[in-house]
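See below for the structure under consideration.
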Amino acid sequence: MDTKPNLGYYFLRVLTWFIQLFPLRFHYMMSDLIFLLICYVIRYRRTVVYANLTNSFPEKSKKEIRTIARKFYHHFCDSFIETLYFDRISEKEIKKRLILLDQVILEKYLAEGRPVILALGHYNNWEWNCSWPLNSDYKGYVIYKRLTNKSFNLFYYNMRARFGIKPLERADTYRQLIADQNNGHASASAFLMDQTPRKYEIQYWTSFLNQDTAILTGTEKVARKLDAAVLFCHVRKLKRGYNRLEFSVIAEHAKETAPFEITEKATRKIEEMIIGRPELWLWSHKRWKHKREVATEELN
């Protein structure tokens, strides 16, 4: 990774320095103003958001869809502010704002010297999960895709790493995790499982939010090769600025699962989470840009 800072990177750092001068409740007032701009003036990705919501919840009325969309934009602005704030947040404050529930489940597998795969989605504020190492003595990774913008890529890399997490590019993931396993180093690695796979990566389709959906299978492949324990992470929003990270078991031994079983179970958990509070998912993402017939024809 290119670690040489540039002007854009320094601008972001100055911005977060200014942000940390004021409490988060002050920045939520700014978020309220940004929400009005994004939702009603700029109308950021409005067509994508409404199409995704309408197709995902065909049983809901137009009024209900508008309500969810409005709540999504509000949460989207809050998450943006929270991410910038996270770059300068203190250890004491983040421990108050992100509570870990049932961490004993995670620590149990790590204490046995086993690799752990953490499956999660673009739900609530996933960036704050990078503070997890403050509550553990084990290694932690977050798997990411390099951003095209070098300033943002370096900024996010350093922000995620500040509490001990090591960001790991997708291409380097298996090599690093197998090296850790061979050296007897237990680690937990977080994978976002609701991203859109590239066409040549598509190997599995399922119904997700009432739509035929291509699902990434790389997480399962890594887990099965390592015979990792696979846990699901639900970042539950308690109130504005306060979240709770909950762990549940998908598979204790990935090698013992059937093909695509882990992928399917994780997808169902993400779906259940979204249905519970739909406004907290990233609806502006073009999640359903691939169609099964078209993708299949292009691969043949």
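Residue 1354 is where the sequence shown starts when you use our numbering, and the numbers rise one by one after that. No residue lacks a Cβ here, since even glycine has one placed at the ideal position from N, Cα and C. Given the structure is predicted, the values throughout are model-derived calculations rather than measurements.
query                                                                                                                                                                : result
If you drop the 5 nearest sequence neighbours on each side, which residues of the same chain put their C-beta closer than 7 Å to that of Asp1565?                    : Trp1558, Arg1645
Considering Phe1505, what are the terminal residues of the beta strand (DSSP E) in which it resides?                                                                 : Counting along the chain, Phe1505 falls outside any beta strand (DSSP E), though it belongs to the alpha helix (DSSP H) covering 1503 to 1514.
What would DSSP say about Leu1584, mapped onto helix, strand or coil?                                                                                                : strand
Taking the Cβ atom as the reference point for each residue, do Leu1562 and Ser1409 lie within a distance shorter than 8 Å?                                           : yes
Ordered along the chain, which non-local residues of its own chain (more than five positions away) have a Cβ less than 8 Å from that of Cys1586?                     : Leu1471, Ala1472, Leu1473, Asn1482, Ala1543, Leu1598, Glu1599, Phe1600
Jot down the residue ranges of each uninterrupted alpha helix (DSSP H) in the segment 1406 to 1464, minimum 4 residues, whole runs only, in chain order.             : 1415 to 1439, 1444 to 1450, 1456 to 1464
Indicate whether the contact test is met: 3 or more Cβ pairs, each with one atom in the segment 1630 to 1644 and one in the segment 1410 to 1422, closer than 8 Å.   : yes
Taking 8 Å as the threshold, find out whether the segment 1603 to 1622 comes into contact with the segment 1569 to 1576 through three or more Cβ pairs.              : yes
For a minimum of 3 consecutive residues, which ranges assigned as the beta strand (DSSP E) are wholly contained in the segment 1586 to 1638?                         : 1595 to 1604
Of all the options Arg1621, Thr1436, Tyr1494, which has the alpha carbon lying nearest to the alpha carbon of Val1377?                                               : It should be noted that the sequence gives Leu, not Val, for residue 1377. The shortest Cα separation from Leu1377 among Arg1621, Thr1436, Tyr1494 belongs to Thr1436.
What three-state label does DSSP hand Pro1520 in the structure shown?                                                                                                : strand
I need the DSSP call for Phe1364, collapsed to helix, strand or coil.                                                                                                : helix
What's the C-alpha gap between Tyr1438 and Gln1373?                                                                                                                  : 6 Å
Tell me whether Val1495 is buried or exposed, calling it buried when 16 or more other Cβ atoms sit within 10 Å of its Cβ.                                            : buried
Taking the straight line between their C-alpha atoms, what separation do you get for Glu1625 and Lys1618?                                                            : 11 Å
Note the first and the last residue of the continuous alpha helix (DSSP H) segment covering Leu1386.                                                                 : 1377 to 1389
Let's see if you can read the secondary structure: which residues bound the alpha helix (DSSP H) around Glu1566?                                                     : For the sequence presented, residue 1566 should be read as Thr rather than Glu. Per DSSP, Thr1566 belongs to no alpha helix (DSSP H); it is in the beta strand (DSSP E), 1564 to 1567.
Any idea what DSSP makes of Trp1558, helix, strand or coil?                                                                                                          : strand
Skipping 5 residues on each side, what residues in its chain have a beta carbon closer than 7 Å to that of Asp1455?                                                  : Glu1599, Phe1600
Tell me whether Ala1532 sits in a helix, a strand or coil according to DSSP, three-state version.                                                                    : helix
Beta-carbon within less than 7 Å of Phe1508's beta-carbon, same chain only, minus the 5 sequence neighbours each way: which residues are those?                      : Tyr1362, Leu1365
For Tyr1462, I'd like the list of residues in its chain whose CB is within less than 7 Å of its CB, leaving aside the five on either flank, ordered along the chain. : Val1469, Ala1582
Quick check: what's the CA-CA separation for Arg1441 versus Leu1451?                                                                                                 : 15 Å
Starting from Gly1493 and walking both ways along the alpha helix (DSSP H), at which residues does that stretch end?                                                 : It is not in any alpha helix (DSSP H) - Gly1493 instead sits in the beta strand (DSSP E) that spans 1492 to 1497.
Could you compute how far the alpha carbon of Asn1612 sits from the alpha carbon of Gln1556?                                                                         : A small correction: the amino acid at residue 1612 is Pro; Asn does not occupy that position in the sequence shown. Whole-angstrom Cα-Cα distance: 11 Å.
Using only CA atoms, which one of Asn1511, Gly1517, Met1546 lies nearest to Arg1322?                                                                                 : Limits of the chain in this structure are 1354 at one end and 1653 at the other, which puts residue 1322 out of reach.
Go through its chain and collect everything with a Cβ distance to Gln1529's Cβ below 8 Å, but skip five positions before and after it.                               : Tyr1494, Leu1521
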